[in-house]
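*Asks:* Quick note: the sequence shown uses the working numbering, first residue 25, plus one each step.
Sending over a structure as structure tokens; questions will come in a sec.
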Amino acid sequence: MVSKKILGVAIAAAFSAQAFAVVDLTGGTGGAGSGAVLYAKESITSAQVTSSFVQVTAAGTELNTQVATGFGVTATTHAFVRFDLTNAKFKTAVVAGDLTAVTGTITNVTLAQGGAVGDTFVIFDVTSGGLAQTDKLQLALAGLQVSPTAAATVNYAHYSTSPNAVGQTGALATDSYAFVSVANALTTTITSTDRIADVNASTPFTKFVTPASVGPAALGNVKFTLATGALTAAGVAVTTLAQVIDTSAGKSTLSVTGDLSFIGDTDAATTATKLTFGGVNADVNATAASKVSTAKLSTLTGITLAGAGNDVAITANGAINAGAYSLTFTPTGIASAAYGAATASGALGTITRNGATIQVPYLTTNTGLNQKVVLVNRGSSDTTYTTSFTTENGVTAAAGTAASGTLKAKQTLVLKASDLVTLTSGTRTAATIVALAPASTIDAATQTVVTDPASVSFGSNDTVNLDVK
């Protein structure tokens, strides 16, 4: 077997020192062990999995396992040391030369039992040249077969006789450590930022406040982080997104959910800059009929790792809509990925307006009803208002003469439904009224009076206070 020390020296310049740190069962706080190896599950290909076990190869000394003898052994005395694997098997046959003394002296090592390819244990007959209980032994491992679902543990035991080692009875010293795991190395963190569209912008609701921003303004952030020291199955340090997901065009995607129509439908180059991910322009639907943003980024080669993450930033081309926004990360695995990366989704934040938005869920022009919308401006300044309509399928709405206008300061305005809207193929709709004033200064209500003499409710009226946000 090639010396792991020689191999480590030959390629040490190519990888981080941390990747080559040996596994030390005596290290860590309270002897808990140190140097555990993490293999990035997303980086493993189908060819590296055999019979449901991942075949990992050490590129350096990262699988070399050190342990204290735990019981002093005088010179010329035999010690029998046993290593057992849980959720792992030997990938290459263990030989006597794989066990060495880091401190203390060994004059001879014989492979007594186990250690074949596919075995889960090995017993060595060690002739001591003088070993104290704190002296360290090292088992050099060139590779392992490890479970992709549970951490692999190495168990060490020191016995005085061969029968004890075989029967696993009367151990003089033991130690154990979960030294290898196969787990996802990529963590996706989505954080939200709530924004307020400013009613006082020169064109209302086209800029943000808190904090003020002309654009682009971060609506939220997505950060990709790789586990420190994670390795591929070949022992290569995992340091880039491309090692765990396919970042090329049309593969992994970031997608925003929410009403982004205020980005506008302009030329492709302009529209692309209205939604960015870490400064990278979103995709644009570049057909002749439409240049609108797809709200997606499907080429992640420009996305950064860790640090401040990637701001999801937007710039308005028209009045900014109020609403909630979320982000979904849909990864595509690397070529021939055995497991692939995990999806992620989360809230990006909300957009509200510092003007007054009034939802009227039921507005009718039925001739048997007389419905009115009452608007109250308690502020000290005049303000304007506009009305839009959401109809049922097959019904069309045309704004009436009262659908927009001015609310005088400290006055009440009463609007008849028939003056607000003309409906075709129906008599009812929903409406949204936006007043360019703080919501705290505006009140709203509807009053409906039954005017049909044939109705049993003739003359009755119903007043509903409306929410103003």
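Heads up, the beta-carbon is just placed ideally off N, CA and C, and yes, glycines get one too.
(1) Throw me the rounded Cβ distance for the Thr448 and Val419 pair, which I believe falls under 8 Å.
(2) Tell me which same chain residues have a C-beta within less than 6 Å of the C-beta of Ala422, skipping the five on either side of it?
(3) On a Cα-Cα basis, can you pick out the residue from Val118, Thr101, Thr388 and Val91 that is closest to Thr158?
(4) Hey, which unbroken runs of the beta strand (DSSP E) at 3 residues or more fall wholly within the region 323-395?
(5) Under the three-state reduction of DSSP, which class applies to Lys320: helix, strand or coil?
(6) Since Ser500 contacts Leu62 with CB under 8 Å, what's their CB separation in whole angstroms?
(7) Between which two residues does the alpha helix (DSSP H) carrying Val190 extend?
(8) Could you tell me whether the Cβ atoms of Tyr349 and Val280 are closer together than 8 Å?
(9) Take every Cβ of the region 99-107, pair it with every Cβ of the region 186-202, and state whether three or more of those distances are shorter than 8 Å.
(10) Taking its Cβ as the centre, do 16 or more other Cβ atoms sit within 10 Å of Thr339, making it buried, or is it exposed?
(11) Considering only residues of the region 249-299, which uninterrupted beta strand (DSSP E) runs meet the minimum length of 3 residues and lie entirely inside it, listed in chain order?
(12) Three-state secondary structure (DSSP) at Lys65?
(13) Taking the runs of the beta strand (DSSP E) that are 3 residues or longer, which of them lie wholly in the region 384-470?
(14) Could you tell me how far apart the beta carbons of Thr300 and Ala337 are, in whole angstroms, since I believe they sit closer than 8 Å?
(15) Can you list, in chain order, the residues of its chain with a C-beta nearer than 8 Å to that of Val73? Leave out the 5 residues immediately preceding and following it.
(16) Identify whether Asp122 lies in helix, strand or coil by the three-state DSSP scheme.
(17) Which two residues bound the contiguous beta strand (DSSP E) that contains Asp215?
(18) Taking C-alpha atoms, which residue in Gln383, Gly282, Leu87 and Thr318 lies nearest to Ala469?
(19) Between the C-alpha atoms of Ala156 and Thr81, what's the straight-line distance to the nearest angstrom?
(20) Per DSSP, which one or two residues make a beta bridge with Val141?
(21) Please list the terminal residues of the continuous beta strand (DSSP E) segment that includes Asn489.
(22) Report the residue from Thr294, Thr217, Phe248 and Leu255 whose alpha carbon sits nearest the alpha carbon of Ala371.
(23) Classify Asp491 as buried or exposed, calling it buried when 16 or more other Cβ atoms lie within 10 Å of its own Cβ.
(24) DSSP on Gly244, reduced to helix/strand/coil?
(25) Do you know offhand how far Ala254's Cα is from Asn334's?
(26) Checking 8 Å against the spacing of the C-beta atoms, do Asn88 and Ala181 come in under that value?
(27) Can you tell me the Cα-Cα spacing of Val141 and Ser76, whole angstroms?
(28) Measure the CB-CB distance between Phe353 and Ala330 and report whether it falls below 8 Å.
(29) Leaving aside the five residues before and after Leu387 along the sequence, list all residues of the same chain whose C-beta is less than 6 Å from its C-beta, in chain order.
(30) Can you say whether Ser272 is buried or exposed, counting buried as having 16 or more other CB atoms within 10 angstroms of its CB?
(31) Thinking Thr230 and Ile344 are a contact (beta carbons under 8 Å), I'd like their distance in whole angstroms, please.
(32) Report back the beta-carbon spacing between Lys434 and Arg402 to the nearest angstrom; my notes put them in contact at under 8 Å.
(33) In this structure, how does DSSP classify Ser58 when only helix, strand and coil are distinguished?
(34) Grouping DSSP H, G and I as helix and E and B as strand, with all else coil, what is Ser75?
(35) Drop a sphere of 10 angstroms on the beta-carbon of Pro385, count the other beta-carbons inside from all chains shown, and report buried for 16 or more, exposed for fewer.
*Replies:* For this structure:
(1) Taking C-beta atoms under 8 Å as the contact rule, Thr448 and Val419 qualify, at a distance of about 7 Å.
(2) Result list for Ala422: Thr446, in chain order.
(3) Out of Val118, Thr101, Thr388 and Val91, Val91 has the C-alpha closest to the C-alpha of Thr158.
(4) Counting only runs of 3 or more, we get 334-338, 347-354, 368-377 and 380-388.
(5) In the three-state reduction of the DSSP assignment, Lys320 falls in the strand class, which pools E and B.
(6) Given a span of 25 to 493 for the chain in the structure shown, any question on residue 500 remains unanswerable.
(7) Where Val190 is concerned, the enclosing alpha helix (DSSP H) stretches over Ser186 to Gly191.
(8) Yes. Within cutoff.
(9) Taking 8 Å as the limit for Cβ pairs, the verdict is that the region 186-202 does touch the region 99-107.
(10) Per the 10 Å Cβ criterion, buried.
(11) Counting whole runs of 3 or more residues, the region 249-299 contains the beta strand (DSSP E) stretches 277-281.
(12) In the structure shown, Lys65 falls within a helical segment according to DSSP collapsed to helix, strand and coil.
(13) Listed in chain order, they are 393-401, 407-414, 420-423, 429-431, 435-440, 445-448 and 452-459.
(14) Taking the Cβ atoms as the reference, Thr300 lies roughly 5 Å from Ala337, within the contact range of under 8 Å.
(15) Correct list, in chain order: Gln79, Pro172 and Ala362.
(16) Asp122 falls in the helix class under three-state DSSP.
(17) Just to set this straight, residue 215 is Thr in the shown sequence, not Asp. Residues Leu210 to Ser216.
(18) Among Gln383, Gly282, Leu87 and Thr318, the Cα nearest to that of Ala469 belongs to Gln383.
(19) Ala156 and Thr81: Cα-Cα distance of roughly 32 Å.
(20) Answer is none; Val141 lacks a bridge partner.
(21) Asn485 to Asn489 is the extent of the beta strand (DSSP E) around Asn489.
(22) The candidate whose alpha carbon is nearest that of Ala371 is Thr217.
(23) Counting C-beta atoms within 10 angstroms of its own C-beta, Asp491 has fewer than 16 neighbours from the protein chains shown and is therefore classed as exposed.
(24) Look at Gly244 here: in three-state DSSP terms it is strand.
(25) It is roughly 22 Å from the alpha-carbon of Ala254 to the alpha-carbon of Asn334.
(26) Their beta carbons are not under 8 Å apart, which means Asn88 does not touch Ala181 by this criterion.
(27) Those two C-alpha atoms are separated by around 16 Å.
(28) No; because the gap between Cβ atoms is not below 8 Å, this pair is not in contact.
(29) In chain order, Ala441, Thr453 and Ala455 place their CB closer than 6 Å to the CB of Leu387, counting only its own chain and leaving out the 5 sequence neighbours on each side.
(30) Using a 10 angstroms sphere on the CB of Ser272, the tally of other CB atoms stays under 16, which defines it as exposed.
(31) Right, their Cβ atoms sit about 6 Å apart.
(32) The Cβ separation is near 7 Å, so the contact holds.
(33) Correct three-state label for Ser58: strand.
(34) Ser75: coil per DSSP, three-state reduction.
(35) Classification for Pro385: exposed.
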